[in-house]
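Chemist: One structure, pasted below without further comment.
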Amino acid sequence: MGEQPQLLVLIDALGWTLAERYGFLHRRLSCRQAVRTVLGYSSGAIPTLLTGLPPARHGRWNLLFRDPANSPFRRLRGMRRLPAWSCDHRAGRKLMQVLGRRWLGAGPGFDCVISPRLLSWFSWAEPRHLYALDGMPQPEFFFRRLERAGRRWRVYSYAGGGDAGLMARAEADLRAGRAEIYFLYLCELDHLLHEKLGRDEAAIVERLAFYAQRLDRLAEIGGARLTVISDHGMTPVQGVVRAKLPDGWRMPEDVLAVADATMYRCWYAHPAARPAMEARLRAWPHGRLLTPQELEAEGLGFADARYGESLWLADPGWMVAGSGFHTRWQPAAMHGYHPDDADSDAVWLSELDTPLPPRNLIEMYGGLCALAGIAGFDAAAPATASAGAVQR
1 MGEQPQLLVL IDALGWTLAE RYGFLHRRLS CRQAVRTVLG YSSGAIPTLL
51 TGLPPARHGR WNLLFRDPAN SPFRRLRGMR RLPAWSCDHR AGRKLMQVLG
101 RRWLGAGPGF DCVISPRLLS WFSWAEPRHL YALDGMPQPE FFFRRLERAG
151 RRWRVYSYAG GGDAGLMARA EADLRAGRAE IYFLYLCELD HLLHEKLGRD
201 EAAIVERLAF YAQRLDRLAE IGGARLTVIS DHGMTPVQGV VRAKLPDGWR
251 MPEDVLAVAD ATMYRCWYAH PAARPAMEAR LRAWPHGRLL TPQELEAEGL
301 GFADARYGES LWLADPGWMV AGSGFHTRWQ PAAMHGYHPD DADSDAVWLS
351 ELDTPLPPRN LIEMYGGLCA LAGIAGFDAA APATASAGAV QR
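Quick note, the sequence shown lines up with residues 1 to 392 if you use the numbering used here.
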């Protein structure tokens, strides 16, 4: 690695389509590759690119998973008897967010995205701040490997403020030569694209120009070598699908279900509930019920079905109405679709040429390790589609 520091920048939601459309840092970052993401959201994608493992091996996928025995909210199970109007509103969810973060151990990033009456059946997948040495327990975790290798490293994320402030801190540290590896996680583009993609092109161009100008300047300090990566892209929204349990079935006594932005996930208590619910899911328009074989192929073969016994996935551009992740908000764009969707591709943009730029998030991990001078981990995973190349 020599004397040149490595500047590794993860820009949330910077998709290949967007980066190429606007030529993002095209002159500096000449090694450019579309990267196949994982099925789902950042909560599964970022742990994959930071461990080199598919979700079923590192354990994280969606933020909520069924865990009634260990749920930090299990003492509140009596809340299910309360009427919806008593707690399932903005104030009730905010109260549960505070309880979960400060007193119940759900984690610093916990957000109450389902009815508080159902929380006692679930745990939150990120009990610790992800961008820290103990963010994940796996020995493959990128920051743990940096520490074991004796690298001097700094990480900057939303826990330390907004994107502009993080880049200012990184600039001060670069000028002082405080590390060899600088890892920045910039998250504000994700929110902007949710709001503005297809609605306000000028705002997007302005944000990308801001990133390009600041990162260009950072890379000039001390001869830092810049690499920009992302976790997924963003797809324009065209409509919603309304999710509803079949008549006669109760939640959670018969079926436990979670409506995510682009998915509907179910667990079953009543033996007849699964065939009834899956028949309903197969009939829903603008999406499909994924088979166990498809989930396994995408690295999502969780033996305990913690993230769902049945999973319905919306077609690219469609969303599930009634999701606690967006409630009445109508975004212009969304992510969380099948990784075969071209707009979902992430990016690898680097000024360092490599013989084989990473084609998926598992290979991206290997690329990051190589840049950090900790190559040697075998990033190969079982033959799954999630480890495949981007093929269009």
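Quick reminder that beta carbons are idealized off the backbone N, C-alpha and C, glycines included.
Does the segment 74-90 come close enough to the segment 30-45 that 3 or more CB-CB pairs lie under 8 Å?
Modeler: Short answer: they don't touch.
Chemist: Between ALA106 and GLY198, which are expected to be in contact by the criterion C-beta below 8 Å, what is the C-beta distance as a whole number of angstroms?
Modeler: Translated into the one-based positions of the sequence shown, residue 106 becomes position 106. Translated into the one-based positions of the sequence shown, residue 198 becomes position 198. With a Cβ gap of about 35 Å, ALA106 and GLY198 do not count as contacting.
Chemist: Would you report the Cα separation of LEU166 and PRO246, rounded to the nearest angstrom?
Modeler: Here the question's residue 166 lines up with position 166 in the sequence shown. Here the question's residue 246 lines up with position 246 in the sequence shown. About 48 Å.
Chemist: Report the three-state DSSP secondary structure of PHE65 (helix, strand or coil).
Modeler: As a working note, residue 65 is residue 65 in the sequence shown. Strand, per DSSP.
Chemist: Taking LEU184 as the reference, which of HIS191, ILE229, GLY239 and LEU18 has the closest Cα?
Modeler: Translated into positions along the sequence shown, residue 184 becomes position 184. Among HIS191, ILE229, GLY239 and LEU18, the Cα nearest to that of LEU184 belongs to ILE229.
Chemist: Would you kindly work out how many angstroms separate the C-alpha atoms of LEU8 and ALA84, rounded to a whole number?
Modeler: For the purposes of this step, residue 8 is taken as the residue at position 8 of the sequence shown. For the purposes of this step, residue 84 is taken as the residue at position 84 of the sequence shown. C-alpha separation (whole angstroms): 46 Å.
Chemist: So what's SER310 in DSSP terms, helix, strand or just coil?
Modeler: Walking along the sequence shown from the start, residue 310 turns up at place 310. SER310: strand per DSSP, three-state reduction.
Chemist: Based on Cα-Cα distance, which residue from GLY367, ASP340, LEU146 and ASN62 lies nearest to TYR294?
Modeler: Translated into the one-based positions of the sequence shown, residue 294 becomes position 294. The question names Tyr, but residue 294 in the sequence shown is Glu. Looking at the Cα atoms, ASP340 is the closest of the given residues.
Chemist: Could you tell me which of ALA125, ARG175 and GLU188 sits nearest to TYR158, measuring between CA atoms?
Modeler: Position 158 of the sequence shown, counted from the start, is the residue given in the question as residue 158. Of the candidates ALA125, ARG175 and GLU188, the one whose C-alpha sits nearest the C-alpha of TYR158 is GLU188.
Chemist: Does the Cβ of HIS26 have 16 or more other Cβ atoms within 10 Å, making it buried, or fewer, making it exposed?
Modeler: By 1-based counting over the sequence shown, the position of residue 26 is 26. Label assigned to HIS26: exposed.
Chemist: With respect to the alpha helix (DSSP H) encompassing MET79, which residues constitute its N-terminal and C-terminal limits?
Modeler: Within the sequence shown, residue 79 is the residue found at index 79, counting from 1. Unbroken run through MET79: none, as it is neither H nor E.
Chemist: For MET334 and VAL237, which I take to be in contact (beta-carbon distance under 8 Å), what is that distance rounded to the nearest angstrom?
Modeler: Your numbering for residue 334 matches position 334 in the sequence shown. Your numbering for residue 237 matches position 237 in the sequence shown. Yes, MET334 and VAL237 are in contact; Cβ-Cβ is about 5 Å, under 8 Å.
Chemist: Closer than 8 Å, CB to CB, is GLY15 near chain B or not?
Modeler: Note that chain B does not occur in the displayed structure, where there is just one protein chain.
Chemist: Quick check: what's the CA-CA separation for LEU82 versus GLU253?
Modeler: By one-based count along the sequence shown, residue 82 stands at place 82. By one-based count along the sequence shown, residue 253 stands at place 253. Whole-angstrom Cα-Cα distance: 14 Å.
Chemist: Excluding the 5 residues flanking ALA13 on each side, which residues of the same chain have their C-beta closer than 6 Å to its C-beta?
Modeler: Your numbering for residue 13 matches position 13 in the sequence shown. Excluding sequence neighbours, ALA13 sits near LEU189, ASP190, LEU193 and MET234.
Chemist: Using a Cβ distance threshold of 8 Å, determine whether the segment 63-76 contacts the segment 118-126, with at least three qualifying pairs required.
Modeler: Contact holds: three or more Cβ-Cβ distances are below 8 Å.
Chemist: Reducing DSSP to helix, strand and coil, say where PRO236 ends up.
Modeler: Translated into positions along the sequence shown, residue 236 becomes position 236. If DSSP states are grouped into helix, strand and coil, PRO236 belongs with the strands.
Chemist: By the DSSP assignment, the beta strand (DSSP E) with GLN6 in it spans what residues?
Modeler: On the sequence shown, position 6 is the one that residue 6 refers to. From DSSP, the beta strand (DSSP E) with GLN6 extends over 6-11.
Chemist: Quick check on DSSP: helix, strand or coil for LEU319?
Modeler: As a working note, residue 319 is residue 319 in the sequence shown. The sequence shown places Met at residue 319, rather than the Leu named in the question. MET319: strand per DSSP, three-state reduction.
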